[in-house]
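One structure below.
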Amino acid sequence: MTQPAIQADRLTKRYRLGAGVAAEQTLAERISHTLRRGLRRRDGGTAPQWFEALRDVSFDVRPGEVLGVIGRNGAGKSTLLKLLARITEPTTGSATIRGRVGSLLEVGTGFHPELSGRENIYLNGTILGMKRREITQQLDAIVDFAEIERFLDTPVKRYSSGMYVRLAFAVAAHLEPEVLLIDEVLAVGDAGFQRKCLGKMSDIAGSGRTVLFVSHDMGAVAKLCDRVMLLDQGQVQSITTPGPAIHQYLQLAADWRCDPAGVFNGSLTDKLTFSDLSLNDLPGDQPQIINPDEVLTLRATGAASEPISAFRTTFSIYQDGVRVLTQHDTAEPEDLPAGEFRSSVTIPRLLLRPGNYTIAIGGYRDGTNEYLWGADLARFTVTQQWSADYDPINLGLINVPGHGTRETEAQRSTTPSRAA
């Protein structure tokens, strides 16, 4: 019987909150920790607490299978990938991967900022155990896929976040990995790039290689994955076919309104926080329900610990994991001074069709790799209260008012020509 390509057995990852000491710390770090611990005891400090990011997670992935991993922010998805990629070690349990591993966990992972794109391609291939000749054979395909030919010999520290992601995915996908680990970092790319990546992942899976795919895009999960694992609070809730798993995930999200300050990821998390999100100024402890003919106003309160240049806040609305629309708080990126700020966007009336929606907010610095992103921050419902100019026959994600035209052959034959 064929052995699993990925095998996880009771994986647990525990972090010590506060000034704890990890088993992998160096001697200098241990000495520093001991001194700090003595000072805390003298000052009456409290003992650090433990947090389990993952708890007793077990699963197998067959060779050639695409396993999706879904769950709310903080469920343990990214921690799981870091354990599988050997970026960090589990507290208890074990994980075995059989075959060469390619991974795309976050923007710029595995890249040296001072090296050029070309040099980083060869560096990553060498780390994967490939020979220089093998890497050279894939070089043109990588450059074409990433669309960075003009900047191939430019240090990657000068790349935008989009260029970083394009090159990182191209490297991970083309250097012949037998197991590919993909995190939701693909959300940083534009729609065309995402379609391109999803097509490549489908090709990889069709060639018999194994993919572990973490995403908030339920449409992509349903299309690509053979099975889906749902994580919640560090534990496996189910491993089943995409339909039931996605339904269970959406049920979890439906009853959840989180504190936006605790669920963001990205390189701007140490400089920027969001502490409040509101829909039409409705109280957060009440159902977020609007009528189709209401204008929808989204407001977010944030704070910057230092000035951030060329920044704008992004609001996105999702339905069933599919991004319906995106708006920004400024037409072009603008400098954001230190201190509190408020951002808002307005969605026109009669645009969103009845149904359940979720909201994500974040932002980025133009021309850099710095971004902030938080998904599933709030949920709202558009009711079934139709108005005269909101036709229920026009199905789809959004409402398109009005109608088109139709001309029959008989009408065309009786219409005088312009020449006449």
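Per the numbering used here: the sequence shown = residues 114 to 533. Heads up, the beta-carbon is just placed ideally off N, CA and C, and yes, glycines get one too. Note that the structure is a prediction, hence the values are computed from the model and not measured.
- Kindly say whether glutamate 453, judged by its beta-carbon, lies nearer than 8 Å to any beta-carbon of chain B. Absent from the structure: chain B. Only one protein chain is present.
- Task: Within its chain, find whatever has a CB closer than 8 Å to the CB of glycine 415; leave out the 5 residues flanking it on each side and keep chain order.
- Result: Position 302 of the sequence shown holds residue 415. Contacts found: Leu385, Thr386, Phe387, Ser388, Thr426, Glu453, Phe454, Arg455 and Ser456.
- Residue range of the unbroken beta strand (DSSP E) whose run includes histidine 441: For the purposes of this step, residue 441 is taken as the residue at position 328 of the sequence shown. 435 to 441 is the span of the beta strand (DSSP E), which, as asked, contains histidine 441.
- Query: CA-CA distance, tryptophan 369 and isoleucine 248?
  - Reply: Here residue 369 refers to the residue found at position 256 when the sequence shown is read from its first residue. Here residue 248 refers to the residue found at position 135 when the sequence shown is read from its first residue. Note that tryptophan 369 scores a pLDDT of 43, beneath 50, so its modelled location is shaky and nothing firm can be said.
- Item | Contact belief for valine 179 with leucine 193 at Cβ below 8 Å, rounded distance in angstroms | Numbered from its first residue, the sequence shown carries residue 179 at position 66. Numbered from its first residue, the sequence shown carries residue 193 at position 80. In fact, because the Cβ distance is near 16 Å, the residues do not count as touching under 8 Å.
- Message: I need the DSSP call for asparagine 469, collapsed to helix, strand or coil.
- Response: Walking along the sequence shown from the start, residue 469 turns up at place 356. Asparagine 469 falls in the strand class under three-state DSSP.
- Message: My output table needs one value for leucine 294: the three-state DSSP class, helix, strand or coil.
- Response: Taking the first residue of the sequence shown as 1, we reach residue 294 at position 181. Leucine 294: strand per DSSP, three-state reduction.
- Query: If you drop the 5 nearest sequence neighbours on each side, which residues of the same chain put their C-beta closer than 7 Å to that of alanine 283?
  - Reply: Walking along the sequence shown from the start, residue 283 turns up at place 170. Same-chain partners within the cutoff: Ile255, Phe258 and Ala259.
- Item | For aspartate 448, the three-state DSSP class (helix, strand or coil) | Taking the sequence shown and counting its residues from 1, the one referred to as residue 448 is at position 335. In this structure, aspartate 448 counts as strand in the three-state DSSP scheme.
- Message: Within a Cβ cutoff of 6 Å, which residues of the same chain sit near serine 422, ignoring the five residues on either side of it in sequence?
- Response: Taking the first residue of the sequence shown as position 1, residue 422 is located at position 309. Counting only Cβ-Cβ distances below 6 Å, and skipping sequence neighbours, we find Asp448.
- Task: Could you pull the start and end residues of the beta strand (DSSP E) that serine 429 belongs to?
- Result: Here residue 429 refers to the residue found at position 316 of the sequence shown. Element bounds for serine 429: 421 to 432.
- Task: From the DSSP output, read off the bridge partner residues of serine 191.
- Result: Taking the first residue of the sequence shown as position 1, residue 191 is located at position 78. None; serine 191 has no bridge partner.
- Would DSSP call isoleucine 511 helix, strand or coil? Looking up residue 511 in the sequence shown gives position 398. Looking at isoleucine 511 - three-state DSSP - the assignment turns out to be strand.
- Do alanine 118 and leucine 217 have their CB atoms nearer than 8 Å? To locate residue 118, count along the sequence shown from 1; it is residue 5. To locate residue 217, count along the sequence shown from 1; it is residue 104. No; because the gap between Cβ atoms is not below 8 Å, this pair is not in contact.
- Query: Pairing CB atoms from the stretch 119 to 127 with CB atoms from the stretch 197 to 211, are three or more of them under 8 Å?
  - Reply: yes
- Message: I need the DSSP call for arginine 525, collapsed to helix, strand or coil.
- Response: Counting from 1 along the sequence shown, the entry for residue 525 is found at position 412. If DSSP states are grouped into helix, strand and coil, arginine 525 belongs with the helices.
- Message: According to DSSP, simplified to helix, strand and coil, what is alanine 135?
- Response: By 1-based counting over the sequence shown, the position of residue 135 is 22. Note on alanine 135: pLDDT 48, under 50, position unreliable in the model; the coordinate value appears next. Three-state result, alanine 135: coil.
- Item | Close beta carbons around leucine 107, own chain, < 6 Å, minus the five adjacent residues each side | What is shown of the chain runs 114 to 533, which leaves residue 107 out entirely.
- Task: Scan the stretch 314 to 395 and note each continuous beta strand (DSSP E) run of 3 residues or more that stays entirely inside, going in chain order.
- Result: 323 to 327, 340 to 345, 348 to 353 and 385 to 392
- Task: Using the Cα positions of cysteine 371 and glutamine 401, report the straight-line distance between them to the nearest angstrom.
- Result: Sequence index remark: in the sequence shown, residue 371 carries index 258 (1-based). Sequence index remark: in the sequence shown, residue 401 carries index 288 (1-based). Residue placement at cysteine 371 is flagged as unreliable, the pLDDT there being 47, under the threshold of 50; the coordinate-derived value follows with that caveat. Distance between the alpha carbons of cysteine 371 and glutamine 401: 14 Å.
- Item | serine 207 in three-state terms, based on DSSP | Walking along the sequence shown from the start, residue 207 turns up at place 94. Three-state result, serine 207: strand.
- Task: Taking only the alpha-carbon atoms, compute the straight-line gap between alanine 358 and methionine 342 and give it to the nearest angstrom.
- Result: Here the question's residue 358 lines up with position 245 in the sequence shown. Here the question's residue 342 lines up with position 229 in the sequence shown. For alanine 358 and methionine 342, the distance between alpha carbons rounds to 7 Å.
- Item | Neighbourhood of alanine 285 by C-beta, 7 Å cutoff - its chain only, sequence neighbours within 5 removed | Here residue 285 refers to the residue found at position 172 of the sequence shown. These residues qualify, in order along the chain: Gly215, Ser216, Leu217 and Leu293.
- Message: In whole angstroms, give me the CA-to-CA distance for arginine 127 and isoleucine 460.
- Response: Here residue 127 refers to the residue found at position 14 when the sequence shown is read from its first residue. Here residue 460 refers to the residue found at position 347 when the sequence shown is read from its first residue. If you take the alpha carbons of arginine 127 and isoleucine 460, they lie about 42 Å apart.
- Query: Ordered along the chain, which non-local residues of its own chain (more than five positions away) have a Cβ less than 7 Å from that of isoleucine 430?
  - Reply: To locate residue 430, count along the sequence shown from 1; it is residue 317. Excluding sequence neighbours, isoleucine 430 sits near Val437, Leu438, Tyr470 and Ile472.
- Task: Go ahead and pull the three-state DSSP assignment for leucine 197.
- Result: Start at 1 with the first residue of the sequence shown, and residue 197 comes out as number 84. Correct three-state label for leucine 197: helix.
- Query: With burial defined as no fewer than 16 other Cβ atoms inside 10 Å of the residue's Cβ, what is the status of lysine 190: buried or exposed?
  - Reply: What you label residue 190 is simply residue 77 of the sequence shown in a count that begins at 1. With 16 or more other Cβ atoms within 10 Å, it is buried.
- Keeping to the same chain, check which residues put their C-beta closer than 7 Å to that of serine 315; ignore five residues upstream and five downstream. Locating residue 315 in the sequence shown gives position 202, where the first residue counts as 1. Excluding sequence neighbours, serine 315 sits near Leu337.
- Message: Ignoring anything shorter than 3 residues, give me the beta strand (DSSP E) runs that lie fully in the stretch 211 to 246, in order along the chain.
- Response: 214 to 217
- C-alpha gap between arginine 231 and aspartate 479, whole angstroms: Reading the sequence shown from its first residue, position 118 is the one you call residue 231. Reading the sequence shown from its first residue, position 366 is the one you call residue 479. About 24 Å.
- Nearest-angstrom beta carbon gap, glycine 509 and asparagine 186 [assumed within contact, 8 Å]: As a working mapping, residue 186 is identified with position 73 in the sequence shown. As a working mapping, residue 509 is identified with position 396 in the sequence shown. Wrong, their Cβ atoms sit about 28 Å apart, outside the cutoff.
- Would you mind working out which of Thr353, Val513 and Gly347 sits nearest leucine 124, comparing C-alpha positions? Start at 1 with the first residue of the sequence shown, and residue 124 comes out as number 11. Looking at the Cα atoms, Gly347 is the closest of the given residues.
- Item | arginine 279 in three-state terms, based on DSSP | Translated into the one-based positions of the sequence shown, residue 279 becomes position 166. Helix.
- Message: So, with DSSP's three-state summary, where would you put leucine 490?
- Response: Mapped onto the sequence shown, residue 490 falls at position 377. Leucine 490: strand per DSSP, three-state reduction.
- Task: Drop a sphere of 10 angstroms on the beta-carbon of glycine 242, count the other beta-carbons inside from all chains shown, and report buried for 16 or more, exposed for fewer.
- Result: In the sequence shown, counting from the first residue as 1, residue 242 sits at position 129. Per the 10 Å Cβ criterion, exposed.
- Message: Just verifying my parser: in three-state terms, what is the DSSP assignment at glutamate 262?
- Response: On the sequence shown, residue 262 is found 149 positions in, with the first residue counted as 1. Three-state result, glutamate 262: helix.
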